[in-house]
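Structure record follows, encoded as structure tokens.
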Amino acid sequence: MSGDSELRTILGDQVNRLLADRVGKNELESAETGASQQALWQAIEENGLPSVLVPEDQGGVGGGWDEAEVVIRAAGKYQAPVPLVENILAGWLLSHAGLEMPLGMTSLAPVRANEALSLVRSGGGYRITGEATRVPWGRSVGQLAVFCRCDGDPFVALVPKAAWRVMLEDRNIAAEPRDTLHFDGMVSAAGALPAAIDPDHLYAFGALARASQIAGALESVLENTVQYANDRTQFGKPIGKFQAVQQELARMAGEVAAAGAAVEAASRAADRRQNDALFELAVAKIRASEAASIVAGITHQTHGAMGFTYEHTLHFATRRLWSWRAEFGSETYWAEALGRSLAAKGALALWPGLVDRV
Amino acid sequence: MHSFRFEPSPLPPETAEMRAQVRNFLNENLADYPSALRARSWAGYDAEFSAKVGQAGFLGLTYPEEYGGHGRTAFERYVMLEEMLAAGAPVSAHWIADRQSGPLILKFGTEEMKRRVVPAIARGEAFFCIGMSEPDSGSDLASIRTKATRTDGGWLINGTKVWTSGAHLVHYMIALVRTDPNAERKHDGMSQILIDLRNTDGISIRPIKNLAGEEHFNECVFEDAFVPEENLIGAEGGGWQQVMAELGFERSGPERYMSSYQLIFELLNEVSKDTSATGAAAVGRLVAHLATLRNMSITVAAKLQAGEDPALDGSVVKELGTLFEQSVPVIAHQTFDEEPSLDQGGDFGQTLAYTTQAAPSFSLRGGTREILRGIIARGLGLR
Chain A
6 MSGDSELRTI
16 LGDQVNRLLA
26 DRVGKNELES
36 AETGASQQAL
46 WQAIEENGLP
56 SVLVPEDQGG
66 VGGGWDEAEV
76 VIRAAGKYQA
86 PVPLVENILA
96 GWLLSHAGLE
106 MPLGMTSLAP
116 VRANEALSLV
126 RSGGGYRITG
136 EATRVPWGRS
146 VGQLAVFCRC
156 DGDPFVALVP
166 KAAWRVMLED
176 RNIAAEPRDT
186 LHFDGMVSAA
196 GALPAAIDPD
206 HLYAFGALAR
216 ASQIAGALES
226 VLENTVQYAN
236 DRTQFGKPIG
246 KFQAVQQELA
256 RMAGEVAAAG
266 AAVEAASRAA
276 DRRQNDALFE
286 LAVAKIRASE
296 AASIVAGITH
306 QTHGAMGFTY
316 EHTLHFATRR
326 LWSWRAEFGS
336 ETYWAEALGR
346 SLAAKGALAL
356 WPGLVDRV
Chain B
6 MHSFRFEPSP
16 LPPETAEMRA
26 QVRNFLNENL
36 ADYPSALRAR
46 SWAGYDAEFS
56 AKVGQAGFLG
66 LTYPEEYGGH
76 GRTAFERYVM
86 LEEMLAAGAP
96 VSAHWIADRQ
106 SGPLILKFGT
116 EEMKRRVVPA
126 IARGEAFFCI
136 GMSEPDSGSD
146 LASIRTKATR
156 TDGGWLINGT
166 KVWTSGAHLV
176 HYMIALVRTD
186 PNAERKHDGM
196 SQILIDLRNT
206 DGISIRPIKN
216 LAGEEHFNEC
226 VFEDAFVPEE
236 NLIGAEGGGW
246 QQVMAELGFE
256 RSGPERYMSS
266 YQLIFELLNE
276 VSKDTSATGA
286 AAVGRLVAHL
296 ATLRNMSITV
306 AAKLQAGEDP
316 ALDGSVVKEL
326 GTLFEQSVPV
336 IAHQTFDEEP
346 SLDQGGDFGQ
356 TLAYTTQAAP
366 SFSLRGGTRE
376 ILRGIIARGL
386 GLR
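Protein sequences appear in the order of chains A and B.
The working numbering applies: residue 6 is where the first sequence begins, and numbers increase by one.
The working numbering applies: residue 6 is where the second sequence begins, and numbers increase by one.
Encoded structure:
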């Protein structure tokens, strides 16, 4: 029944092989101490993965969200400790404004729903000002794709490191950098965005990316938990032979399946419906974030005290689940947004609206 | 380990016509149907309505035309089902027959039986119930004791079936009975047999009131009830395999996540009148689950259409679907300060009162939550 594109299949093989080879306990631990992951990044860049959403005529891979999803999900599955996902979003944003994405780690800002940055013409170029919080990998990247307004119009600017100061080095629960940046400097390039892409859309696509990362991390958690349940012996048999454990792992499998289904549906909707996919993007983030909490709880219960140690690798996944479920809007944020739009249309529109989405 | 991927599978365009036809039918036949009755979902029984559904050509959609069916796709049938459920149409009279009895007979029944029974199912005139559970055999179905003993020209049935929804109203039961009490393994020696409930002596049917005071399910006692030879379905001794295949039809359809739909509708109606953050978040969350379950369930329908065996995926849909259905009355209760009443409440209060009481059955019927999770655990390689 596979409706996967050839590109999706190729990218999936490529990214999973690369990350399985290159990301292990040592890399994850060293990344948490702030060590540079330049070698990993170069391997990722050589495979073109950061430009999966950049059109071919702009030098990218030319994939859609369905193809990006397989890369982003793998980044979540292996917990790649580099800004691959942010780079994919940055490339998508830059290409919409007709800007080229440079090589080197790139992230994006702002990532909070209520933040705005301004662009003013200055000399022959543009100057950017303002502040953005929780910028992913802010201290680690050489440039940022920044959504901003110039005379009220939506713009994207490619901003070099020289144009910001790191005001606060913060981290999420998983020790991924989430920094406060103060902007005041000249940008490398700037371009107007089509009006259809507003901050709400930007935020929603960020939510889809985090939801896809969650789906990937959930896959790895399920595999590892089943493995652990088969390996760990108590009362003379593997704990996975106990019905109490089996029932919980079955519950986990359902959540993992639902999160995966929701992000795949949203990715295809984003390709099919372009800027009219807010419904599916919200659904994906709600469903994946909710699954993240349930699955993290079950996996820790199954792993016992072993899984509560820093020594064990489980926390690299679960601490990310606890972080990503909140980033680019929690399930409650998106549920309220979705609920308000449904309430505005009224109950009679619910069913026709739902079946019309597919 | 089984892949738990549910690849999105959009409904093909030809389903739009079916959807329009079903909506027209519902507009004509169900316009003033009250919310509290719609809330009964696929437990609502109305033989006249079922006959109309059959006359309109919506039953036996996927059956071959030579047996009175319509030769349509699993997708078209899916759309018909979900529109009926979204409208809260009273479909219970024909539901079992259309969903599983017809397909079972088409697959395992004799030619004579197919011609005798299946066209009547498709016309909405032959209704069925399921004779599986017994007083001492619930989840452990293979322990059933009702037996069929050979006699001149047929079988004598003795034993008791319970929880047979609609047995007091419908025409037929397909019963799982023990035909070889000496079989070495308890999974062997069972057979399925078609019983004409309205024209057979030796059957007493006693309704069992459910917790809400309604009479849907029954206890059926068989005392030397004679069933003719030709009513055996499939191979003698092949009952267990047939029943497992039959349950597969039961587990992934839209009825496994739509049972509380009317309450979602009424909840949204209340939230629309006065939209608080809490109310909006409650509705948004439920609809996110609903949309995801629908996609997953359609993926299973696509596998059925492609001739694959989606038994495990179907179990995942039912596991998630019934959790969801049961969460709806809890969330509705937590969202509004409403004391539900079946008698005096408005549409929201009445629907909440009904669904709250119906909800425990959702994860019992068609295989309990524990059994389904056991099936999923096997798919994980744990059993």
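Glycine included, every Cβ here is placed at the ideal spot set by N, Cα and C.
Between the C-alpha atoms of residue 432 (chain A) and residue 378 (chain B), what's the straight-line distance to the nearest angstrom? Nothing about residue 432 (chain A) can be read from this structure; chain A reaches only from 6 to 363.
So, using beta-carbon positions, are residue 234 (chain A) and residue 150 (chain A) closer together than 7 Å? No, the Cβ-Cβ distance between residue 234 (chain A) and residue 150 (chain A) is not below 7 Å.
Does the Cβ-Cβ distance between residue 4 (chain A) and residue 300 (chain A) come in under 7 Å? In the structure displayed, chain A extends from 6 to 363; residue 4 (chain A) sits before or after that span and is not available.
What is the residue span of the alpha helix (DSSP H) that residue 136 (chain B) lies within? Per DSSP, residue 136 (chain B) belongs to no alpha helix (DSSP H); it is in the beta strand (DSSP E), 133-136.
Within the same chain, show all residues whose beta-carbon is closer than 7 Å to that of residue 85 (chain B), passing over the 5 residues directly before and after it, in chain order. 23, 27, 63, 66
Which first and last residues belong to the alpha helix (DSSP H) in which residue 59 (chain B) is found? 52-60
Beta carbons nearer than 7 Å to chain A: which residues of the stretch 264-283 of chain B have them? 270, 273, 274, 276, 277, 280, 282
List the residues of chain B whose Cβ lies closer than 9 Å to the Cβ of residue 351 (chain A), in chain order. 273, 274, 277
Option nearest residue 223 (chain A) by Cα separation, candidates A:142, A:267, A:103, A:69: A:267
Taking DSSP as the reference, what is the three-state secondary structure of residue 161 (chain B)? strand
Strictly below 7 Å CB to CB, what residues from chain A border residue 101 (chain B)? By Cβ distance, chain A contributes nothing, its closest Cβ being about 25 Å from residue 101 (chain B), past 7 Å.
Curious, which full-length beta strand (DSSP E) runs of at least 3 residues does the stretch 89-158 of chain A contain? 111-114, 123-127, 130-141, 148-155
Integer-rounded CB distance, given that residue 148 (chain A) should sit under 8 Å from residue 193 (chain A): Their Cβ separation, rounded to whole angstroms, is 7 Å, which keeps residue 193 (chain A) and residue 148 (chain A) in contact under 8 Å.
Check for me: the beta strand (DSSP E) holding residue 287 (chain A) runs from which residue to which? Taken as a continuous stretch (DSSP letters only), residue 287 (chain A) belongs to no beta strand (DSSP E), being part of the alpha helix (DSSP H) at 283-308.
Excluding the five sequence neighbours on either side, which residues of its own chain have a C-beta within less than 7 Å of the C-beta of residue 76 (chain B), listed in chain order? 69, 70
Based on Cα-Cα distance, which residue from B:48, B:74, B:80 lies nearest to residue 309 (chain B)? B:80
In its own chain, which residues sit with a C-beta less than 8 Å from the C-beta of residue 186 (chain B), not counting the 5 before and 5 after it? Around residue 186 (chain B): 152, 194.
Using a Cβ cut-off of 7 Å (strictly closer), state whether residue 376 (chain B) contacts chain A. no
Residue 238 (chain A) in three-state terms, based on DSSP: In this structure, DSSP gives residue 238 (chain A) an extended state, which the three-state scheme calls strand.
So does the stretch 344-356 of chain A actually touch the stretch 269-281 of chain B, counting three or more Cβ pairs closer than 8 Å? The answer is yes - the stretch 269-281 of chain B touches the stretch 344-356 of chain A, with three or more Cβ pairs under 8 Å.
Can the beta-carbon of residue 153 (chain A) be found closer than 7 Å to that of residue 104 (chain A)? Not in contact: residue 153 (chain A) and residue 104 (chain A) (Cβ atoms no closer than 7 Å).
Which word fits residue 223 (chain B), buried or exposed, when buried means at least 16 other C-beta atoms lie within 10 angstroms of its C-beta? buried
Less than 7 Å between the C-beta atoms of residue 50 (chain A) and residue 13 (chain A), yes or no? Judged by their CB atoms, residue 50 (chain A) and residue 13 (chain A) are not nearer to each other than the 7 Å cut-off.
Which residues bound the beta strand (DSSP E) around residue 153 (chain B)? 152-156 is the span of the beta strand (DSSP E), which, as asked, contains residue 153 (chain B).
Which same chain residues, not among the five before or five after residue 74 (chain A), have their C-beta less than 7 Å away from its C-beta? Beyond the five residues adjoining it in sequence on each side, residue 74 (chain A) comes within less than 7 Å, by CB distance, of 217, 268, 269, 272 in the same chain, given in chain order.
Note down, in chain order, every chain B residue with its Cβ under 8 Å from the Cβ of residue 367 (chain A). This structure leaves residue 367 (chain A) out entirely; chain A is present only between 6 and 363.
Any chain A beta carbon closer than 7 Å to residue 369 (chain B): Taking a beta-carbon distance threshold of 7 Å, residue 369 (chain B) does not count as an interface residue toward chain A.
Contained alpha helix (DSSP H) runs [length at least 4] in the stretch 78-132 of chain B, N- to C-terminal order: 79-91, 97-101, 107-113, 116-127
Counting contacts by CB-CB distance shorter than 7 Å, is residue 324 (chain A) in contact with chain B? no
According to DSSP, is residue 311 (chain A) helix, strand or coil? helix
Residue closest to residue 335 (chain B), alpha-carbon to alpha-carbon, out of B:323, B:265, B:57, B:157: B:265
Please report how far the alpha carbon of residue 175 (chain A) lies from the alpha carbon of residue 115 (chain A), in whole angstroms. 15 Å
Is DSSP giving residue 192 (chain B) helix, strand or coil here? In the three-state scheme derived from DSSP, where H, G and I count as helix and E and B as strand, residue 192 (chain B) is classed as coil.
What residues of chain B sit near residue 251 (chain A), judged by a beta carbon separation below 9 Å? 378, 379, 381, 382, 383, 385, 387, 388
Any idea if residue 61 (chain A) is buried or exposed, counting beta-carbon neighbours within 10 angstroms, 16 or more meaning buried? Answer is exposed; the Cβ neighbour count stays below 16.
How far does the alpha helix (DSSP H) with residue 274 (chain B) in it reach, from first residue to last? 266-278
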